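Engineer: Attaching a single structure in structure tokens format; questions to follow.
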Amino acid sequence: MTTISTATRTLGSGEDKGLQAVLLDMDGTLVDTEDFWWQAEATLFAELGYELTAEDRAQVVGGPMSRVIDHLLASTGVDLSPADLTVLINQRFVDLLGGGVPLMPGAERLLNTLAAHGVPAALVSASHRHIIDIVLRSLGAEHFAFSVAGDEVPRTKPHPDPYLEAARRLGADPARCVVVEDAPTGVRAAEAAGCPVIAVPSVAPIEPAPGRLVLDSLERVDLELLRSLVASRV
569 MTTISTATRT LGSGEDKGLQ AVLLDMDGTL VDTEDFWWQA EATLFAELGY
619 ELTAEDRAQV VGGPMSRVID HLLASTGVDL SPADLTVLIN QRFVDLLGGG
669 VPLMPGAERL LNTLAAHGVP AALVSASHRH IIDIVLRSLG AEHFAFSVAG
719 DEVPRTKPHP DPYLEAARRL GADPARCVVV EDAPTGVRAA EAAGCPVIAV
769 PSVAPIEPAP GRLVLDSLER VDLELLRSLV ASRV
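Count along the sequence shown from 1, add 568, and you get the number used in this note's numbering.
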């Protein structure tokens, strides 16, 4: 696993004077876990006598867990405390992860490209630490300088704190760190942090905007594109 100090030293490399780092979301961006989350939530509520809808799914995609729990409690009226519902959903999700997690198309190629060119990558997720550590068994912790979990920052997405923390730990300028996200919640967090964004929507639609490029697949993301997004802003 790349250490933080090694990652920071690469920021001054001559090859990437513009692009300093790539900050990547996890669920729905690098790994195909959004269906796992939805399956955990939908099957649990079905057993409790409630049917979740496509509208519910659009509301909960991308987390954070606190927002997911608030929405599900409000929309169903189920008689559970937020803490108890959080435990039930997380446990069911962990059980589903037991068989491994499929990577999104283009994820492995992108991570290998960044490593080959010495571009630091950090994993920035609204998921909690214990979830990230399970997913990293499939994703490969060696691909990242470090990871930032939703329960390790004062405020998680859609607040900018996770991305600002990742840039700080890398010693990088947020404007020179490209964020790759799949959900509107994460996009808002990245843009609030001042980062250029590549959005590859997984469930909820995302519209193009200044400083935001929307693509239909991670397979279209390459080093030239990443550099061009930073070059257009600095």
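Just so it is clear, CB atoms sit at the ideal spot from N, CA and C, and this is done for glycine as well. Being a predicted model, the structure only gives us computed values, none of them experimental.
Compute the beta-carbon to beta-carbon distance between I731 and V692, rounded to the nearest angstrom, for a pair I have assumed lies under 8 Å.
Structural biologist: Before going further, note that residue 731 is Tyr rather than Ile in the sequence given. Between V692 and Y731 the Cβ distance is about 6 Å, and since that is below 8 Å, they are a contact.
Engineer: So for L598, helix, strand or coil by DSSP?
Structural biologist: L598: coil per DSSP, three-state reduction.
Engineer: Which residue's Cα is closest to the Cα of A760: A772, R705, V747, A610?
Structural biologist: V747
Engineer: Where does R780 sit, in a helix, a strand or coil, going by DSSP?
Structural biologist: When DSSP states are grouped into helix, strand and coil, R780 belongs to the strand group.
Engineer: Have a look at L616, T654, L704 and flag the residue whose alpha-carbon is nearest the alpha-carbon of D595.
Structural biologist: L704
Engineer: Could you give the distance in angstroms between the alpha-carbon of L665 and the alpha-carbon of F604?
Structural biologist: A direct Cα-to-Cα measurement between L665 and F604 gives close to 8 Å.
Engineer: Pick helix, strand or coil for E749, following the three-state DSSP scheme.
Structural biologist: strand
Engineer: Between V768 and S796, how many whole angstroms is the CB-CB distance? I'm expecting something under 8 Å.
Structural biologist: Their Cβ separation, rounded to whole angstroms, is 17 Å, which puts V768 and S796 out of contact at 8 Å.
Engineer: If you draw a straight line from the alpha carbon of G617 to that of L653, how long is it in whole angstroms?
Structural biologist: 14 Å
Engineer: Apart from the five residues on each side of it in sequence, which residues of its chain come closer than 6 Å, Cβ to Cβ, to L679?
Structural biologist: Once the five neighbours on either side are set aside, the close Cβ partners of L679 are H711.
Engineer: If you compare alpha carbons, which of V755, D701, L783, V798 is closest to P673?
Structural biologist: Cα-wise, what sits closest to P673 is L783.
Engineer: Which residue from V655, G762, A684 puts its Cα closest to that of A740?
Structural biologist: G762
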